[in-house]
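As you go down the protein sequences, you meet chains A and B in turn.
The first sequence begins at 384 in my numbering and counts up one residue at a time.
The second sequence begins at 384 in my numbering and counts up one residue at a time.
Virtual Cβ for every residue (Gly too), placed ideally from N, Cα, C.
Note that the coordinates shown come from a computational prediction; the quantities given were computed from them, not determined experimentally.
For reference, the structure is listed below as structure tokens.
There are 2 protein chains.
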Amino acid sequence: MKVFETIPAFLEWRKNLKPQATVGFVPTMGALHLGHQSLLARARVENEITVLSIFVNPTQFNNAQDFDTYPKTWEEDLRIAAQSGVDAILAPHDPKSIYPDDFHYQLSENQFSKELCGEFRPGHFTGVLTVVLKLFQIVRPVRAYFGEKDHQQLSLIEGMVNAFFMDVKVIPCETLREPSGLALSSRNLRLSPEQKALAPKIYQTLLQVQEPETAKEVLSSLGFKVEYLVDRNDGKKRRRYVAAWLGDVRLIDNVEL
Amino acid sequence: MKVFETIPAFLEWRKNLKPQATVGFVPTMGALHLGHQSLLARARVENEITVLSIFVNPTQFNNAQDFDTYPKTWEEDLRIAAQSGVDAILAPHDPKSIYPDDFHYQLSENQFSKELCGEFRPGHFTGVLTVVLKLFQIVRPVRAYFGEKDHQQLSLIEGMVNAFFMDVKVIPCETLREPSGLALSSRNLRLSPEQKALAPKIYQTLLQVQEPETAKEVLSSLGFKVEYLVDRNDGKKRRRYVAAWLGDVRLIDNVEL
Chain A
384 MKVFETIPAF
394 LEWRKNLKPQ
404 ATVGFVPTMG
414 ALHLGHQSLL
424 ARARVENEIT
434 VLSIFVNPTQ
444 FNNAQDFDTY
454 PKTWEEDLRI
464 AAQSGVDAIL
474 APHDPKSIYP
484 DDFHYQLSEN
494 QFSKELCGEF
504 RPGHFTGVLT
514 VVLKLFQIVR
524 PVRAYFGEKD
534 HQQLSLIEGM
544 VNAFFMDVKV
554 IPCETLREPS
564 GLALSSRNLR
574 LSPEQKALAP
584 KIYQTLLQVQ
594 EPETAKEVLS
604 SLGFKVEYLV
614 DRNDGKKRRR
624 YVAAWLGDVR
634 LIDNVEL
Chain B
384 MKVFETIPAF
394 LEWRKNLKPQ
404 ATVGFVPTMG
414 ALHLGHQSLL
424 ARARVENEIT
434 VLSIFVNPTQ
444 FNNAQDFDTY
454 PKTWEEDLRI
464 AAQSGVDAIL
474 APHDPKSIYP
484 DDFHYQLSEN
494 QFSKELCGEF
504 RPGHFTGVLT
514 VVLKLFQIVR
524 PVRAYFGEKD
534 HQQLSLIEGM
544 VNAFFMDVKV
554 IPCETLREPS
564 GLALSSRNLR
574 LSPEQKALAP
584 KIYQTLLQVQ
594 EPETAKEVLS
604 SLGFKVEYLV
614 DRNDGKKRRR
624 YVAAWLGDVR
634 LIDNVEL
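Written out as structure tokens, the structure is:
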């Protein structure tokens with residue numbers, strides 16, 4: 384397994400792959416968990432080469448504290464990557480190497496990106512789309528794997544790929560959950576034992592309470608600070624989306640209705 | 384010479400080129416002149432395959448009248464393309480085929496794009512960068528050719544390519560001029576004989592008058608409506624930029640100082 388901490392080194396390696404080689408790509412912010420592992424496993428099966436990126440992208444954090452406290456588990460990430468059969472890790476430690484332009488060039492969406500998470504995290508999706516465009520150009524994957532846990536992100540990336548005729552197939556991957564129903568997320572590492580015990584109520588309430596307004600009240604009464612809990616059409620299906628805080632940890636989830 | 388009026392047809396052809404084939408790309412809005420021909424000639428020499436796009440991109444026009452009156456010389460364009468040894472023309476007639484997203488996804492720059500032409504044509508460079516990103520993804524060129532006449536555009540496209548690590552080499556091509564010094568431009572077709580006789584004063588004044596403020600006054604006194612005439616560092620060299628109207632035709636030019 385190759386580990387590249389600079390983009391030129393990665394590009395040199397990438398250039399020397401056979402032009403026809405199928406590259407599967409899993410972009411992450413590290414703190415890998417079983418959800419990421421399932422993406423990597425699928426990438427490994429479907430492609431000749433599997434590339435993992437680990438980059439905590441500063442431009443998608445609207446909240447400095449969330450950025451500073453984002454979990455970092457580098458040694459464990461390396462172990463998981465090796466075990467998952469990853470061929471190359473792109474892990475630029477210095478944000479300047481991904482943003483030589485100081486973020487002057489931006490890829491934005493002006494409709495769906497303003498809703499749900501976008502309403503509460505101004506600029507978040509511009510940061511996401513911008514970094515994903517950069518990573519796609521660097522890695523040049525045939526397939527890229529994204530978890531449905533971040534369903535709005537997934538939809539916006541699919542939209543970007545279609546809008547710009549990008550030669551990459553976006554593969555949505557089902558949300559992995561703990562037996563309790565809690566969606567796997569790197570941010571779960573930041574939950575206290577009490578919060579961890581309460582967190583599964585998000586998923587349970589999404590499923591069990593019929594009306595979104597009522598579901599929101601249920602979560603609020605349990606101590607969640609709910610940003611939004613709404614039913615929306617995601618283009619193909621009805622879907623229920625939620626974002627809620629437990630203490631200073633922000634959790635999101637969604638289910639197909 | 385293949386002519387593709389839809390993107391799927393072009394993509395099918397593109398897919399069947401050898402993966403290693405070097406593709407040279409000249410994106411245009413049609414109304415081809417000798418300036419475009421020189422770009423095509425260079426693309427032809429330096430690459431195995433030459434692709435020309437002809438698309439009057441609505442999103443880069445901030446002025447509806449300018450868009451409506453933009454010269455269209457389709458039959459003549461085909462003749463020039465064939466004569467220039469173009470292998471394929473991508474000419475989507477329907478803007479919706481380039482903007483399936485209704486322009487919801489945009490590539491913007493937030494610094495230099497706001498100055499010079501960007502100050503007087505709000506949104507212009509967002510339209511340019513967005514369409515160039517789309518065309519680059521569709522055509523996947525090794526080299527793309529841009530005229531220095533639109534020097535700010537050229538700089539911004541170079542900046543985009545660097546910011547997003549795009550696997551394409553941007554080739555700047557010297558401005559072609561009439562013997563009078565007038566920079567070749569599709570919009571010259573819209574000048575009356577009297578305006579055409581006056582237009583070379585732009586270039587002459589850029590070169591002959593030392594102070595930009597004085598040069599601006601000279602052009603104004605000759606009947607130009609000058610938007611800007613300024614000296615700027617383009618990152619590497621001192622350059623003098625001008626935009627001026629003759630009647631309802633907007634002309635731009637620039638010279639290295």
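Give me whichever residues DSSP pairs with Trp-628(A) in a beta bridge.
-> According to DSSP, Trp-628(A) shares a beta bridge with Lys-608(A), Arg-633(A).
Sheet register partners of Thr-411(B) (DSSP bridge) | DSSP output for Thr-411(B) lists Ile-437(B) as bridge partner(s).
Excluding the 5 residues preceding and the 5 following Glu-429(A) in the sequence, name in chain order all residues of the same chain whose CB lies nearer than 7 angstroms to its CB.
-> Within the same chain, Gly-407, Arg-526 come within 7 angstroms of Glu-429(A) by CB-CB distance, once the 5 residues on both sides are set aside.
8 angstroms Cβ cutoff, Glu-492(A) in contact with chain B | A Cβ of chain B is located within less than 8 angstroms of the beta carbon of Glu-492(A).
Where Phe-548(B) meets chain A, residues with beta-carbon distance less than 8 angstroms | Contact of Phe-548(B) with chain A by beta-carbon distance below 8 angstroms involves Ile-390, Leu-394, Lys-517, Gln-520, Ile-521.
Can you find a C-beta in chain B that's less than 8 angstroms from the C-beta of Gln-489(A)?
-> Yes - at least one Cβ of chain B is within 8 angstroms of the one on Gln-489(A).
Residues from the segment 439-473 of chain B in contact with chain A, defined by Cβ distance under 7 angstroms = With the criterion set as a beta carbon lying under 7 angstroms from some beta carbon of chain A, the segment 439-473 of chain B has no members that meet it.
Assumed close pair Leu-516(A), Phe-529(A) - CB separation to whole angstroms, cut-off 8 angstroms | About 14 angstroms separates the beta carbon of Leu-516(A) from that of Phe-529(A), a gap too long to meet the 8 angstroms contact definition.
Kindly indicate which residue of Arg-504(A), Tyr-488(A), Ser-575(A) has the alpha-carbon position closest to the one of Lys-497(B).
-> That would be Tyr-488(A), whose Cα lies nearest to the Cα of Lys-497(B).
As assigned by DSSP and simplified to three states, the class of Leu-474(B) | For the sequence presented, residue 474(B) should be read as Ala rather than Leu. In this structure, Ala-474(B) counts as coil in the three-state DSSP scheme.
Pull up the CB-CB distance for Met-384(A) and Ile-463(A), whole angstroms please, since I reckon it's below 8 angstroms.
-> Rounded to whole angstroms, the Cβ separation of Met-384(A) and Ile-463(A) is 11 angstroms, and the two are not in contact under 8 angstroms.
Straight-line gap, Gln-591(A) to Leu-400(B) (C-alpha atoms, nearest Å) = Straight through space, the alpha carbons of Leu-400(B) and Gln-591(A) are spaced by roughly 54 angstroms.
Tell me whether the beta-carbon of Gly-584(B) lies closer than 8 angstroms to the beta-carbon of Leu-612(B).
-> For the record, residue 584(B) in the displayed sequence is Lys; it is not Gly. No; because the gap between Cβ atoms is not below 8 angstroms, this pair is not in contact.
Going along the chain, which residues of its own chain have a beta-carbon closer than 7 angstroms to the beta-carbon of Ile-390(A), five neighbours each way excluded?
-> Cβ neighbours of Ile-390(A) beyond the five flanking positions: Pro-475, Ser-480, Ile-521.
Secondary structure at Lys-385(B), three-state DSSP: helix, strand or coil?
-> Here Lys-385(B) sits in strand by DSSP.
Alpha carbon to alpha carbon, how far is Tyr-482(A) from Asp-477(B)?
-> Rounded to the nearest angstrom, the two C-alpha atoms are 35 angstroms apart.
From Glu-541(A) to Val-553(A), what distance separates their C-alpha atoms?
-> The alpha-carbon of Glu-541(A) is positioned some 6 angstroms away from that of Val-553(A).
Put Arg-621(B) into one of helix, strand or coil per three-state DSSP.
-> Under the three-state reduction of DSSP, Arg-621(B) is assigned to strand.
Span of the beta strand (DSSP E), counted from its first residue to its last, around Val-553(A) = Counting along the chain, the beta strand (DSSP E) containing Val-553(A) begins and ends at 552-556.
Continuous beta strand (DSSP E) assignments of at least 3 residues falling wholly in the segment 525-587 of chain B | Fully enclosed beta strand (DSSP E) runs of 3 or longer: 526-530, 552-556.
When the distance is taken between beta carbons, is Val-609(A) closer than 8 angstroms to Val-632(A)?
-> Cβ distance not < 8 angstroms, so Val-632(A) and Val-609(A) don't count as in contact.
CB of Arg-622(A) within 8 angstroms of CB of His-534(A), strictly = Inclusion of Arg-622(A) and His-534(A) in the CB contact set at 8 angstroms is warranted, their separation being smaller than that value.
Determine the direct distance from the alpha carbon of Leu-640(A) to that of Glu-600(A), and round the result to whole angstroms.
-> Their backbone Cα atoms lie some 19 angstroms apart in a straight line.
Hey, Gly-501(B) and Thr-442(B) are a contact pair by Cβ (cut 8 angstroms); roughly how many whole angstroms apart?
-> The Cβ separation is near 14 angstroms, so there is no contact.
So what's Arg-523(B) in DSSP terms, helix, strand or just coil?
-> The answer is coil: DSSP assigns Arg-523(B) none of H, G, I, E or B.
Beta-ladder partner(s) of Ile-432(B), from DSSP = Answer is Val-406(B), bridged to Ile-432(B).
Under a three-way DSSP split, which group does Leu-490(A) fall into?
-> If DSSP states are grouped into helix, strand and coil, Leu-490(A) belongs with the strands.
So, is Pro-576(B) buried or exposed, given that buried needs 16 or more other C-beta atoms within 10 angstroms?
-> By the neighbour-count rule (16 or more Cβ atoms within 10 Å), Pro-576(B) is not buried but exposed.
Look at Phe-438(A) and Met-412(A) and say whether their C-beta atoms are less than 8 angstroms apart.
-> A contact, by the Cβ cut-off of 8 angstroms.
Check whether the Cβ of Pro-524(B) lies closer than 8 angstroms to any Cβ atom in chain A.
-> No, Pro-524(B) lies away from the interface with chain A (no Cβ there is under 8 angstroms from its Cβ).
From Leu-634(A), Val-638(A), Ala-627(A), pick the residue whose C-alpha is nearest to that of Arg-615(A); which is it?
-> The alpha carbon of Arg-615(A) has as its nearest neighbour, out of Leu-634(A), Val-638(A), Ala-627(A), the alpha carbon of Val-638(A).
For Val-328(B), which of helix, strand or coil comes out of DSSP?
-> What the structure shows of chain B is the stretch from 384 to 640, and residue 328(B) is not part of that stretch, so it cannot be assessed.
Neighbouring residues, chain A, relative to Gln-403(B) (Cβ below 8 angstroms) | Near Gln-403(B) (Cβ distances below 8 angstroms), the residues of chain A are Pro-402.
Name the chain B residues that come within less than 7 angstroms of Asn-399(A), Cβ to Cβ?
-> Here the premise fails: no neighbours, minimum Cβ distance about 13 angstroms.
Looking only at its own chain, which residues have a Cβ that is under 6 angstroms from the Cβ of Glu-492(A), when we skip the five neighbours before and after it?
-> Its chain contains Leu-539 as the residues whose beta carbon lies nearer than 6 angstroms to that of Glu-492(A), once the 5 sequence neighbours on both sides are disregarded; these appear in chain order.
Excluding five sequence neighbours on each side, which residues of the same chain lie with their C-beta closer than 8 angstroms to the C-beta of Val-643(A)?
-> Here chain A comprises residues numbered 384 to 640, so residue 643(A) is not present and cannot be evaluated.
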